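Asks:
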Amino acid sequence: MANSTLTKQRSEARRSSVALKSAMAVTGAILVLFLIAHMYGNLNVFAGQETFDNYSHHLRELGEPMLPHEGFLWIMRVVLLAAILIHIYSAAVLTARARKARPVRYVKHKSVQQTYASRTMRWGGVIIALYVVFHILHLTTNTIAPGGKSDSPYERLVNGFAPEYWYVTLIYVAAVVLVGMHVRHGIWSACATLGLNREGRRRTINAIAIAIAAVITVGFLLPPFSVLLGLVG
Amino acid sequence: MNITLRVWRQKGKADEGRMVTYKVEDVSPDMSFLEMLDVLNEKLTLAGEDPVAFDHDCREGICGACGVVINGVAHGPETTTTCQLHMRSFSDGDEITIEPWRAGAFPVVKDLVVDRGSFDRIIQAGGYISAPTGTAPDAHATPVPKADADRAFDAATCIGCGACVAACPNASGMLFTAAKVTHLGSLPQGQPEREARVIKMINQHDEEGFGGCTNIGECAAVCPKGIPLDTIAQLNRDLLGSLASSKAE
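Residue numbers (my numbering), protein chains in the order written: chain D, 1 to 233; chain P, 1001 to 1249.
(1) Check the Cβ of leucine 31 of chain D against every Cβ in chain P and list those closer than 9 Å, keeping chain order.
(2) By a C-beta neighbour count over all protein chains shown, 10 Å radius and 16 as the cutoff for buried, is tyrosine 40 of chain D buried or exposed?
(3) Rounded C-beta distance between alanine 1103 of chain P and arginine 102 of chain D? I'm assuming under 8 Å.
(4) Going by DSSP, what residues sit across from alanine 1074 of chain P in a beta bridge?
(5) Considering tryptophan 1101 of chain P, what are the terminal residues of the alpha helix (DSSP H) in which it resides?
(6) Hey, how far is the Cα of glycine 147 of chain D from the Cα of tyrosine 165 of chain D?
(7) When the cut-off is 8 Å and only beta carbons count, does methionine 1 of chain D lie next to chain P?
(8) Since I believe threonine 120 of chain D is in contact with methionine 181 of chain D (beta carbons under 8 Å), could you give me their beta-carbon distance rounded to a whole number of angstroms?
(9) Please report the straight-line C-alpha distance between proline 1192 of chain P and phenylalanine 1119 of chain P, rounded to a whole angstrom.
(10) What does a CB cutoff of less than 8 Å around methionine 1 of chain D pick up in its chain, not counting 5 residues either side in sequence?
(11) What are the residues of the segment 1001-1028 of chain P that lie near chain D, defined by any Cβ-Cβ distance shorter than 9 Å?
(12) Mind checking the segment 1043-1074 of chain P against chain D and listing, in chain order, the residues whose C-beta falls within less than 7 Å of any C-beta there?
(13) Going along chain D, which residues have a C-beta under 7 Å from aspartate 1230 of chain P?
(14) Keeping to the same chain, check which residues put their C-beta closer than 8 Å to that of serine 150 of chain D; ignore five residues upstream and five downstream.
(15) Closer than 9 Å by beta-carbon distance: list the chain D residues that pair up with leucine 1112 of chain P, in chain order.
(16) Quick check on threonine 95 of chain D: does DSSP put it in helix, strand or coil?
(17) Per DSSP, valine 1024 of chain P is paired with what?
(18) Specify the secondary structure class of arginine 10 of chain D as computed by DSSP and reduced to three states.
(19) With DSSP as the reference, identify every bridge partner of lysine 1110 of chain P, one or two as the case may be.
(20) Going by beta-carbon coordinates alone, are cysteine 1158 of chain P and isoleucine 1227 of chain P separated by less than 8 Å?
(21) Classify alanine 2 of chain D as helix, strand or coil using the three-state DSSP reduction.
(22) If we require 3 or more residues per run, which beta strand (DSSP E) segments fall completely within the segment 46-109 of chain D?
(23) Under a three-way DSSP split, which group does methionine 1019 of chain P fall into?
(24) Output needed for valine 1144 of chain P: all residues of its chain with C-beta closer than 7 Å, excluding positions within five of it in sequence on either side, in chain order.
(25) Who does arginine 1009 of chain P pair with in a DSSP beta bridge?
(26) When DSSP labels each residue in this structure, what does glutamate 1193 of chain P get in the three-state scheme?
(27) Restricting to Cα atoms, I'd like to know which of D:Ile210, D:Arg99, D:Tyr167 is closest to valine 183 of chain D.
(28) Check for me: the alpha helix (DSSP H) holding lysine 1146 of chain P runs from which residue to which?
(29) Roughly how many whole angstroms lie between the Cα atoms of glycine 1127 of chain P and alanine 1179 of chain P?
(30) Counting contacts by CB-CB distance shorter than 8 Å, is threonine 169 of chain D in contact with chain P?
(31) Is the separation between the beta-carbon of leucine 1229 of chain P and that of threonine 1182 of chain P shorter than 8 Å?
(32) Can you tell me which of D:Thr51, D:Trp74, D:Val26, D:Gly48 puts its alpha carbon nearest to the alpha carbon of arginine 60 of chain D?
(33) Taking Cβ positions only, does threonine 193 of chain D come closer than 8 Å to chain P?
(34) Pairing CB atoms from the segment 1098-1117 of chain P with CB atoms from the segment 1051-1060 of chain P, are three or more of them under 8 Å?
(35) What is the DSSP secondary structure of threonine 1142 of chain P, counted as helix, strand or coil?
(36) Cutting at 7 Å between CB atoms, please list the residues of its own chain near methionine 1010 of chain P, excluding the five before and the five after it.
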């Protein structure tokens, strides 16, 4: 009897808030790794149109002939989509539980030490998700093409972030800054959720989280700003 | 000191409740916060009004009975229990807002008193060790490394006041649960039930309607006993290990 109880309890615990958070931590880590790879790809813009367009082209040929054309890219897209869906689903369930956990709000509430990054995880995440849809329509499918459509990824970038479309750049900057903050608290939180945090490692984990967030933010902001300032064109 | 209080008044569980303003005059800076409330209650009683109900017991910061949200912060401006907070932390003419702990798992019984029975049920789910009682074993019968003993003791200082839940943006009871999991999980006596304990306690925690932890750290910042935030990481580690394990008991 005792045995069945624990087995039952264990399957119940797989739906616990800690289990959902772990799913968010793992999928978040996959997305951070993708961001770093994506950032590296973007930085190829400084090597000129040929290199940049070749990089994009090679992504489609990666793994050939072991994989079909665009095979690697589609595997990555499926993995990323799954990661995003699991991440958003878990976040939605946890947010709903948190809202329910405090039915009556405080008349007066003061936070003692929470960071801006940690406070903006939920709405920031929603805004990032909306931005990703716009981003794919803009630069991947080129459905939205400020400055004109092109088959060359380099030209799409240069056209899209041209000074006359400053609002596209503005939206991009806002999204990248949000991503940076999301990653900053996300890495810290994921480490805690996966049980890596210890009091003695707090500074190190925070420093790593800030460093990765800063590199991602700056790395993604460099290309559009270079286009805006006419350094790339 | 003259103080203006805005206090949450609620007649019972079914009552809607509202903020009521009171003036308290001639408050000594050396009074504790609860003594200031005693002065208010004497005044209310003499006027034939219902005194403000609040929980308290030892009034020396070790029992965990007292606790209200003062100006939006659990236990108020000092990192201590409400009974150990003194009026010298405020200034003459201040307006002070006093509210009960706000969480679905802590329903208001009356005014500032909440029912923290959910904490008891989390402890009942696994916050213990099963050992035959009898004469106390020799102190050196089971060696415990000093670092483990210190860690267990730090976690064991939790008095279950509920400030962590009150301060948490998600009304999560994770720091409380983690303190107990860390306390017992750090000691040799707690090992046989370690895997089952964390699973049962987390399930009870979620069943009581507490939210999940988002590692923001408000809980540890207001904890009067300084329970470290990394106990939550230890709880997570133990839970993930338990979920991966196939041990039946």
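Every residue gets a Cβ at the ideal spot worked out from N, C-alpha and C, and that includes glycine. In this text the structure is predicted, and so the values were computed from the model without any measurement.
Replies: Taking the coordinates as given:
(1) For the purposes of this step, residue 31 of chain D is taken as the residue at position 31 of the first sequence. Going along chain P, no residue has its Cβ under 9 Å from leucine 31 of chain D, so there is no contact; the nearest lies around 17 Å.
(2) Translated into the one-based positions of the first sequence, residue 40 of chain D becomes position 40. Of the residues assessed, tyrosine 40 of chain D falls on the exposed side of the cut-off, its CB having fewer than 16 other CB atoms within 10 angstroms.
(3) For the purposes of this step, residue 1103 of chain P is identified with residue 103 of the second sequence, where counting begins at 1. For the purposes of this step, residue 102 of chain D is identified with residue 102 of the first sequence, where counting begins at 1. Their Cβ separation, rounded to whole angstroms, is 6 Å, which keeps alanine 1103 of chain P and arginine 102 of chain D in contact under 8 Å.
(4) On the second sequence, position 74 is the one that residue 1074 of chain P refers to. Answer by DSSP bridge pairing, in chain order: P:Val1069.
(5) By 1-based counting over the second sequence, the position of residue 1101 of chain P is 101. Looking at the DSSP string, tryptophan 1101 of chain P is not in any alpha helix (DSSP H), and its letter there is neither H nor E.
(6) As a position in the first sequence, residue 147 of chain D is number 147, starting the count at 1. As a position in the first sequence, residue 165 of chain D is number 165, starting the count at 1. Their backbone Cα atoms lie some 8 Å apart in a straight line.
(7) The residue labelled residue 1 of chain D in the question sits at position 1 within the first sequence. Residue placement at methionine 1 of chain D is poorly supported in this model, since its pLDDT is 37, which falls under 50; the coordinates are not used for a value here.
(8) Locating residue 181 of chain D in the first sequence gives position 181, counting from the first residue. Locating residue 120 of chain D in the first sequence gives position 120, counting from the first residue. Confirmed, about 6 Å.
(9) Position 192 of the second sequence, counting from 1, holds the residue named residue 1192 of chain P. Position 119 of the second sequence, counting from 1, holds the residue named residue 1119 of chain P. Using only the alpha carbons, I get a separation of about 23 Å.
(10) Translated into the one-based positions of the first sequence, residue 1 of chain D becomes position 1. With a pLDDT of only 37 at methionine 1 of chain D, under 50, the local geometry of the prediction cannot be trusted, and no value is derived from it.
(11) Arg1006, Trp1008, Gly1017, Met1019
(12) Val1069, Asn1071, Gly1072, Val1073
(13) What you label residue 1230 of chain P is simply residue 230 of the second sequence in a count that begins at 1. Asn197, Arg198, Glu199, listed in chain order.
(14) Position 150 of the first sequence, counting from 1, holds the residue named residue 150 of chain D. If we look at serine 150 of chain D and ignore the five residues flanking it on each side, its Cβ neighbours are Asn142, Arg156, Asn159.
(15) Taking the first residue of the second sequence as position 1, residue 1112 of chain P is located at position 112. What leucine 1112 of chain P touches in chain D: nothing, since even the nearest Cβ is about 13 Å away.
(16) Here residue 95 of chain D corresponds to residue number 95 of the first sequence, with the count starting at 1. Helix at threonine 95 of chain D.
(17) Along the second sequence, read from residue 1 onward, the residue named residue 1024 of chain P stands at position 24. Beta-bridge pairing links valine 1024 of chain P to P:Ile1003.
(18) Counted from its first residue, the first sequence places residue 10 of chain D at position 10. Note: arginine 10 of chain D maps to helix in three-state DSSP.
(19) The residue you call residue 1110 of chain P lines up with position 110 of the second sequence. Per DSSP, the beta-bridge partners of lysine 1110 of chain P are P:Val1113.
(20) Within the second sequence, residue 1158 of chain P is the residue found at index 158, counting from 1. Within the second sequence, residue 1227 of chain P is the residue found at index 227, counting from 1. The answer is yes: Cβ separation under 8 Å.
(21) Counting from one through the first sequence, the residue named residue 2 of chain D turns up at place 2. Note that alanine 2 of chain D scores a pLDDT of 47, beneath 50, so its modelled location is shaky; the value from the coordinates is reported in the next line. Helix, per DSSP.
(22) none
(23) Indexing the second sequence from 1 puts residue 1019 of chain P at position 19. For methionine 1019 of chain P, the three-state secondary structure derived from DSSP is strand.
(24) Mapped onto the second sequence, residue 1144 of chain P falls at position 144. Here the set comprises Leu1187, Pro1188.
(25) The residue you call residue 1009 of chain P lines up with position 9 of the second sequence. According to DSSP, arginine 1009 of chain P bridges with P:Arg1018.
(26) In the second sequence, the residue the question calls residue 1193 of chain P occupies position 193. DSSP places glutamate 1193 of chain P in coil when its eight states are reduced to three.
(27) Sequence index remark: in the first sequence, residue 183 of chain D carries index 183 (1-based). It is D:Ile210.
(28) Taking the second sequence and counting its residues from 1, the one referred to as residue 1146 of chain P is at position 146. Start and end: 1146-1156.
(29) Here the question's residue 1127 of chain P lines up with position 127 in the second sequence. Here the question's residue 1179 of chain P lines up with position 179 in the second sequence. Answer to the nearest angstrom: the Cα atoms are 10 Å apart.
(30) Against the first sequence, residue 169 of chain D aligns to sequence position 169. With 8 Å as the cut-off, threonine 169 of chain D does not count as an interface residue toward chain P.
(31) For the purposes of this step, residue 1229 of chain P is taken as the residue at position 229 of the second sequence. For the purposes of this step, residue 1182 of chain P is taken as the residue at position 182 of the second sequence. No; because the gap between Cβ atoms is not below 8 Å, this pair is not in contact.
(32) Walking along the first sequence from the start, residue 60 of chain D turns up at place 60. Nearest C-alpha to arginine 60 of chain D: D:Trp74.
(33) Here residue 193 of chain D corresponds to residue number 193 of the first sequence, with the count starting at 1. Interface with chain P (8 Å Cβ-Cβ cutoff): threonine 193 of chain D is included.
(34) yes
(35) Reading the second sequence from its first residue, position 142 is the one you call residue 1142 of chain P. Residue state, collapsed to three classes: coil.
(36) Sequence index remark: in the second sequence, residue 1010 of chain P carries index 10 (1-based). Note on residue identity: the sequence assigns glutamine, not methionine, to residue 1010 of chain P. Apart from sequence neighbours up to five positions away, the residues of its chain that approach glutamine 1010 of chain P with a beta-carbon distance below 7 Å are Gly1017, Val1108, Lys1110, Asp1111, ordered along the chain.
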